[in-house]
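Notes to accompany the following structure.
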Amino acid sequence: MLSRTADNLFWLARYMERADFLARILQASRRLATLPRAYGGVETEWESALLSSGAAPAFHAAGLTVDEANVTQFLAFSPDNPSSIRNCIELARVNARAVRTALTVEMWEAINGAFLELKAFEQASRSAEEVTRFLDFVKQVSAAYDGGAHRTMLRNDAYWFSRVGLYLERADNTARLLDVKYHVLLPETEAVGGSLDYFQWTAILRAVSAHTAYHWVYRDSLKPWLVADLLILRPEMPRSLIACYESVVQNLDRLGKSHGKQGPAQRHARTVFGQLEHATIENVFHNGLHDFIQSFIADNQRLGALVSEQYLF
Amino acid sequence: MLSKVAKFDEMDGVDGVTRVPYEKLAKWLTSVEPEFLASRRAQAELLFRRIGITFAVYGSQEATERLIPFDILPRIIARAEWAQLEKGLIQRVKALNLFLADLYGPGEILKAGVVPSELVYRNPAFRPEMAGRRVPHDIFVHIAGIDIIRTDDDGFYVLEDNARTPSGVSYMLENREVMMRLLPDLFGLHRVAPIENYPDQLLATLRSAAPRGAGADPVSVLLTPGQYNSAFYEHSFLADKLGIELVEGRDLFVKDDVVFMRTTEGPRRVDVIYRRLDDDFLDPLAFRPDSALGVAGLMGAYHAGNVTLANAVGTGVADDKAIYTYMPEVIRFYLGEEPLLKNVPTWRCREKEALRYVLDHLGELVVKEVNGSGGYGMLVGPHATKAQIAEFAAKLADNPTNFIAQPTLALSTCPVSVASGVAPRHVDLRPFVLYGPNGASVVPGGLTRVAMTENSLVVNSSQGGGTKDTWIIDDAPLARA
Numbered sequence: 001m002l003s004r005t006a007d008n009l010f011w012l013a014r015y016m017e018r019a020d021f022l023a024r025i026l027q028a029s030r031r032l033a034t035l036p037r038a039y040g041g042v043e044t045e046w047e048s049a050l051l052s053s054g055a056a057p058a059f060h061a062a063g064l065t066v067d068e069a070n071v072t073q074f075l076a077f078s079p080d081n082p083s084s085i086r087n088c089i090e091l092a093r094v095n096a097r098a099v100r101t102a103l104t105v106e107m108w109e110a111i112n113g114a115f116l117e118l119k120a121f122e123q124a125s126r127s128a129e130e131v132t133r134f135l136d137f138v139k140q141v142s143a144a145y146d147g148g149a150h151r152t153m154l155r156n157d158a159y160w161f162s163r164v165g166l167y168l169e170r171a172d173n174t175a176r177l178l179d180v181k182y183h184v185l186l187p188e189t190e191a192v193g194g195s196l197d198y199f200q201w202t203a204i205l206r207a208v209s210a211h212t213a214y215h216w217v218y219r220d221s222l223k224p225w226l227v228a229d230l231l232i233l234r235p236e237m238p239r240s241l242i243a244c245y246e247s248v249v250q251n252l253d254r255l256g257k258s259h260g261k262q263g264p265a266q267r268h269a270r271t272v273f274g275q276l277e278h279a280t281i282e283n284v285f286h287n288g289l290h291d292f293i294q295s296f297i298a299d300n301q302r303l304g305a306l307v308s309e310q311y312l313f
Numbered sequence: 314m315l316s317k318v319a320k321f322d323e324m325d326g327v328d329g330v331t332r333v334p335y336e337k338l339a340k341w342l343t344s345v346e347p348e349f350l351a352s353r354r355a356q357a358e359l360l361f362r363r364i365g366i367t368f369a370v371y372g373s374q375e376a377t378e379r380l381i382p383f384d385i386l387p388r389i390i391a392r393a394e395w396a397q398l399e400k401g402l403i404q405r406v407k408a409l410n411l412f413l414a415d416l417y418g419p420g421e422i423l424k425a426g427v428v429p430s431e432l433v434y435r436n437p438a439f440r441p442e443m444a445g446r447r448v449p450h451d452i453f454v455h456i457a458g459i460d461i462i463r464t465d466d467d468g469f470y471v472l473e474d475n476a477r478t479p480s481g482v483s484y485m486l487e488n489r490e491v492m493m494r495l496l497p498d499l500f501g502l503h504r505v506a507p508i509e510n511y512p513d514q515l516l517a518t519l520r521s522a523a524p525r526g527a528g529a530d531p532v533s534v535l536l537t538p539g540q541y542n543s544a545f546y547e548h549s550f551l552a553d554k555l556g557i558e559l560v561e562g563r564d565l566f567v568k569d570d571v572v573f574m575r576t577t578e579g580p581r582r583v584d585v586i587y588r589r590l591d592d593d594f595l596d597p598l599a600f601r602p603d604s605a606l607g608v609a610g611l612m613g614a615y616h617a618g619n620v621t622l623a624n625a626v627g628t629g630v631a632d633d634k635a636i637y638t639y640m641p642e643v644i645r646f647y648l649g650e651e652p653l654l655k656n657v658p659t660w661r662c663r664e665k666e667a668l669r670y671v672l673d674h675l676g677e678l679v680v681k682e683v684n685g686s687g688g689y690g691m692l693v694g695p696h697a698t699k700a701q702i703a704e705f706a707a708k709l710a711d712n713p714t715n716f717i718a719q720p721t722l723a724l725s726t727c728p729v730s731v732a733s734g735v736a737p738r739h740v741d742l743r744p745f746v747l748y749g750p751n752g753a754s755v756v757p758g759g760l761t762r763v764a765m766t767e768n769s770l771v772v773n774s775s776q777g778g779g780t781k782d783t784w785i786i787d788d789a790p791l792a793r794a
């Protein structure tokens, strides 16, 4: 397929995934922000939403005050924030329009429909109710697009490239969420169940739709190291780093097979996957959660660059 | 003879008696409620927006993507009428091809004095780069859109030939799909010639046009200027239906006079380029050096015979409005046949007497720039103010060669569903002709364009015109006795 088409599909998938993640972060933050201080509700919640989304520098450069209204506006609707939800949807549509022929009707209609509805949301009020509706809408759109791709796309390089984009982005998102919250996940000495951070942990789990999953996997009350274990090392958890890499490796392998050659991208992805497979959560904490996540984010970025070099010349 | 005739409606004729091809539609219209048509109109708009069938309007800020208005009532042409038209279209495109091969070759028609040579050689659309060059299979125009109008019961006139990169075929195809979803009952009353095989025929034409050196499985691509082009929707639509790559200039490169596209598996050789990019932008080395849309070295590969461009470079000289006036002579010269389709009578302003006549009658004529398109730069005399006429007269006197004039034709009307009910609106027709080494074909129907404003004659989509589905139907005798 055309390199430009592959590039567009790769980024299209990333933008849709990012929009979904931003919606989840905002939902989790809104929930935390309503907690009384005695339950761990802290003023820094909106700052950490900005950090997880990677938009903090742009936000501060714009000289805005950190509060719910401003952060919601900036992350969801702002045309000035290059990775606001509205810009993700718009960029996704620009990419989709350029590669219309590589998309199925379902995928195109999901994106184009979202783009058309976005206009109505932009003009609506910013009442809490409207924002709730908007965030649900974004998650639905992302699910419809993803489902459309899964159900209707031919299993060829177009599909594999977009899947690689999706899982790279998802891994990056999960890693950033962990990176911002790592301090509340550090094993602490307080009595189990009495932690002020309890609601922070649930917020993290909710952001990745894993609140219920946690209990099914561990059959235990919330423990910070298990939250980290779930999001990093559990292959059955679809947003964990290892699950994302399993999919990255799989889709890159199919690409390699269909092109008849493996390259640096495949090798690097397998290396990262191997590290995750052999890691234990004890080791991760022993060597430092923060460093682990930082080096994962760097590895993940490196893979993005390798994919570009190898295929998108 | 053309300007002063009674108004001809394709459903109601001149005398209000329903013409045979429209009998079922007329009856159906009396049976449906106005609210029904209104709801279908709304549904059509929704469908088009969902599918994303839009076009970009140059220079319009707030609405860079607009819908072309769609009318839900079909335009109906009887098979016998169509058969006549089809023959005339094929004859015309055949002549256009022979004409172009001659102009860039021996120039017999110029030597014979049938067409003035300065009209060819001084024409901005003439490409000196092509002089003395042969193109694969000697075919220049693979895809032609011939604009047709009718003014009465018995015949069609050619308004304009489009031999460069005619557009609109995607609307023809989508209109049909939408119609089948919107009005299945009305469909059920008729036997309508299908058009869905157009993409297959186009692909077959492109493949057959590949250079002789290409393998048994030639690679075709569609070259688009990109998504900001007004016809981008059509480009992506066609590439998808054809199952070929939709490429931009930056996706192609030329090495040793061979064209390649950049793919994830490395360079892949390209044999046929269905290009929707104007000559000027094709190759910055040969034409406009500032073009970022083209492919450096493409003309070299073309001249080396390693790639087919559809349409060929330099076809614009044949669809120029000044050359148009010579088409009947061109047909006679190459084919030794009488033209089956009439030309609209035209005054060539380059000729002194004609110019005098035109200047004296500006208020009744339509005056067009010979190189203009899309309805820009023309004067519609009866609808112009005195000041506009005076201004135009000055332009005309200044550079008469640049203009032709035609009578304001009583363009036929068709019933259109509007807010106030069903009303007649002026229409034209753009059938699409495919021409390859294995012969010619015309998809039954074409794009009917409608001037959506009452009494307006301007059907161009850039000027607010709309479209209709066009039905070629069986079971109807040509006309009533």
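Heads up: the protein sequence lines correspond to chains R and U, in order.
Residues 1 to 313, numbered by the working numbering, are exactly what the first sequence covers, in order.
Residues 314 to 794, numbered by the working numbering, are exactly what the second sequence covers, in order.
Beta carbons are placed, not taken as given, at the ideal position from N, Cα and C, and that holds for glycine.
Bear in mind that the values here come from a model prediction, so they are computed numbers and not experimental data.
ask   = What number of angstroms, rounded off, separates the C-alpha of Thr104(R) from the C-alpha of Gln356(U)?
value = Here residue 104(R) corresponds to residue number 104 of the first sequence, with the count starting at 1. Here residue 356(U) corresponds to residue number 43 of the second sequence, with the count starting at 1. Distance between the alpha carbons of Thr104(R) and Gln356(U): 22 Å.
task = Measuring only between beta-carbons, confirm whether Glu642(U) sits less than 8 Å from chain R.
result = As a first step, residue 642(U) must be located in the second sequence, where it is residue number 329. Chain R contact via Cβ: absent.
query = Taking one C-beta from the region 150 to 161 of chain R and one from the region 269 to 283 of chain R each time, how about it: are there three or more such pairs within less than 8 Å?
reply = no
ask   = At a Cβ threshold of 8 Å, is Gly326(U) touching chain R?
value = As a working mapping, residue 326(U) is identified with position 13 in the second sequence. No, because no Cβ of chain R sits closer than 8 Å to the Cβ of Gly326(U).
ask   = What distance in whole Å lies between the Cβ atoms of Pro387(U) and Met492(U), which are believed to be in contact at a cut-off of 8 Å?
value = Position 179 of the second sequence, counted from the first residue, corresponds to residue 492(U). Position 74 of the second sequence, counted from the first residue, corresponds to residue 387(U). The Cβ separation is near 7 Å, so the contact holds.
ask   = With DSSP run on the structure shown, which of helix, strand or coil describes Pro449(U)?
value = Position 136 of the second sequence, counted from the start, is the residue given in the question as residue 449(U). Pro449(U): helix per DSSP, three-state reduction.
query = According to DSSP, is Tyr541(U) helix, strand or coil?
reply = As a working mapping, residue 541(U) is identified with position 228 in the second sequence. Residue state, collapsed to three classes: coil.
key: Buried or exposed (CB count within 10 angstroms, at least 16 for buried), Phe797(U)   = No information on residue 797(U) is available, as it lies outside the stretch 314 to 794 that chain U covers here.
message = Please confirm whether Ala98(R) has its beta-carbon closer than 8 Å to some beta-carbon of chain U.
response = Taking the first residue of the first sequence as 1, we reach residue 98(R) at position 98. Taking Cβ atoms only, chain U reaches closer than 8 Å to Ala98(R), which makes this a yes.
task = Could you name the residues of the region 548 to 563 of chain U whose beta carbon sits closer than 8 Å to any beta carbon of chain R, in the order they occur along the chain?
result = Ser549, Phe550, Ala552, Asp553, Glu558, Leu559, Val560, Glu561, Arg563
task = Grab me the residues of Val284(R)'s own chain with a C-beta within less than 6 Å of its C-beta, minus the 5 sequence neighbours each way, in chain order.
result = On the first sequence, position 284 is the one that residue 284(R) refers to. These residues qualify, in order along the chain: Phe292.
key: Proximal chain U residues relative to His290(R), where beta-carbon distance stays under 8 Å   = Here residue 290(R) refers to the residue found at position 290 when the first sequence is read from its first residue. Going along chain U, no residue has its Cβ under 8 Å from His290(R), so there is no contact; the nearest lies around 37 Å.
request  = Out of Thr464(U), Leu678(U), Arg589(U), Ser430(U), state which residue places its alpha-carbon closest to the alpha-carbon of Val534(U).
outcome  = Numbered from 1 along the second sequence, position 221 holds the residue referred to as residue 534(U). Selected option, being the one with the closest Cα: Arg589(U).
key: Enclosing beta strand (DSSP E) for Gly781(U) [first to last residue]   = On the second sequence, residue 781(U) is found 468 positions in, with the first residue counted as 1. Note that residue 781(U) is Lys in the sequence shown, not Gly. 779 to 786 is the span of the beta strand (DSSP E), which, as asked, contains Lys781(U).
message = Closer than 8 Å is the cut-off here; do at least three beta carbon pairs connect the region 581 to 601 of chain U with the region 615 to 624 of chain U?
response = yes
query = From Val505(U) to Asp787(U), what distance separates their C-alpha atoms?
reply = As a working note, residue 505(U) is residue 192 in the second sequence. As a working note, residue 787(U) is residue 474 in the second sequence. Their Cα atoms are separated by approximately 7 Å.
ask   = Is Ala49(R) close to chain U, meaning its C-beta is less than 8 Å from at least one C-beta of that chain?
value = For the purposes of this step, residue 49(R) is taken as residue 49 along the first sequence, with counting starting at 1. No, its Cβ sits nowhere closer than 8 Å to a Cβ of chain U.
task = Return yes when the Cβ of His455(U) is within less than 8 Å of the Cβ of Ala522(U), no when it is not.
result = On the second sequence, residue 522(U) is found 209 positions in, with the first residue counted as 1. On the second sequence, residue 455(U) is found 142 positions in, with the first residue counted as 1. Yes; because the gap between Cβ atoms is below 8 Å, this pair is in contact.
inquiry  = Applying the 10 Å Cβ sphere with the 16-neighbour rule, what's the burial state of Ser604(U)?
reply    = Taking the first residue of the second sequence as 1, we reach residue 604(U) at position 291. Label assigned to Ser604(U): buried.
ask   = Residue ranges of each alpha helix (DSSP H) run of no fewer than 4 residues wholly in the region 661 to 713 of chain U, ordered along the chain?
value = 665 to 673, 699 to 711
CB contact check: Thr104(R) to chain U, cutoff 8 Å = As a working note, residue 104(R) is residue 104 in the first sequence. Not one chain U Cβ lies under 8 Å of Thr104(R).
task = Report yes if the CB atom of Val683(U) is closer than 8 Å to the CB atom of Phe716(U), and no otherwise.
result = For the purposes of this step, residue 683(U) is taken as the residue at position 370 of the second sequence. For the purposes of this step, residue 716(U) is taken as the residue at position 403 of the second sequence. Contact flag set, yes.
request  = Output the boundary residues of the alpha helix (DSSP H) element that contains Ile242(R).
outcome  = Within the first sequence, residue 242(R) is the residue found at index 242, counting from 1. Its alpha helix (DSSP H) spans residues 241 to 259.
For Val138(R), three-class secondary structure by DSSP = Here the question's residue 138(R) lines up with position 138 in the first sequence. Three-state result, Val138(R): helix.
inquiry  = Short of 6 Å in beta carbon distance, which residues of its chain neighbour His739(U), apart from the five on each side in sequence? Order them along the chain.
reply    = Against the second sequence, residue 739(U) aligns to sequence position 426. Leu724, Thr726, Ala764, Leu770, listed in sequence order.
message = I need the boundaries of the alpha helix (DSSP H) containing Met640(U), first residue and last residue.
response = Residue numbering aside, residue 640(U) sits at position 327 when the second sequence is read from its first letter. Met640(U) -> alpha helix (DSSP H) spans 640 to 648.
inquiry  = Measuring only the C-alpha atoms, how far is Leu411(U) from Tyr647(U)?
reply    = Position 98 of the second sequence, counting from 1, holds the residue named residue 411(U). Position 334 of the second sequence, counting from 1, holds the residue named residue 647(U). The straight-line gap from Cα to Cα measures roughly 7 Å.
ask   = Can you tell which of Leu551(U), Asp570(U), Arg575(U), Leu472(U) has its C-alpha closest to the C-alpha of Gly562(U)?
value = For this step, residue 562(U) is matched to residue 249 along the second sequence. The option with the nearest alpha carbon to Gly562(U) is Arg575(U).
task = With 9 Å as the limit, tell me which residues of the region 613 to 631 of chain U have their beta carbon closer than that to any beta carbon of chain R; keep them in chain order.
result = none
request  = Closer than 9 Å by beta-carbon distance: list the chain R residues that pair up with Arg363(U), in chain order.
outcome  = Taking the second sequence and counting its residues from 1, the one referred to as residue 363(U) is at position 50. Correct list: Glu109, Asn112, Gly113, Leu116.
Straight-line gap, Ala128(R) to Ala457(U) (C-alpha atoms, nearest Å) = Within the first sequence, residue 128(R) is the residue found at index 128, counting from 1. Within the second sequence, residue 457(U) is the residue found at index 144, counting from 1. Distance between the alpha carbons of Ala128(R) and Ala457(U): 57 Å.
request  = Would you tell me roughly how many angstroms separate the C-alpha atoms of Glu558(U) and His616(U), rounded to the nearest one?
outcome  = Residue mapping note: residue 558(U) aligns to position 245 of the second sequence, counting from 1. Residue mapping note: residue 616(U) aligns to position 303 of the second sequence, counting from 1. About 23 Å.
query = How about Trp784(U) and Ile390(U): are their beta carbons less than 8 Å apart?
reply = Translated into the one-based positions of the second sequence, residue 784(U) becomes position 471. Translated into the one-based positions of the second sequence, residue 390(U) becomes position 77. Yes.
key: Buried versus exposed call for Ser247(R) [16 or more other C-beta atoms within 10 Å across all chains shown]   = As a first step, residue 247(R) must be located in the first sequence, where it is residue number 247. By the 10 Å Cβ count, Ser247(R) comes out buried.
query = For the alpha helix (DSSP H) that contains Val484(U), what are its first and last residues?
reply = The count along the second sequence starts at 1 and reaches residue 484(U) at position 171. The sequence given here has Tyr at residue 484(U), not Val. Per DSSP, Tyr484(U) belongs to the alpha helix (DSSP H) from 482 to 495.
ask   = Which of the residues in the region 567 to 578 of chain U, read from start to end, lie with their CB under 7 Å from any CB of chain R?
value = Met574, Arg575, Thr576, Thr577, Glu578
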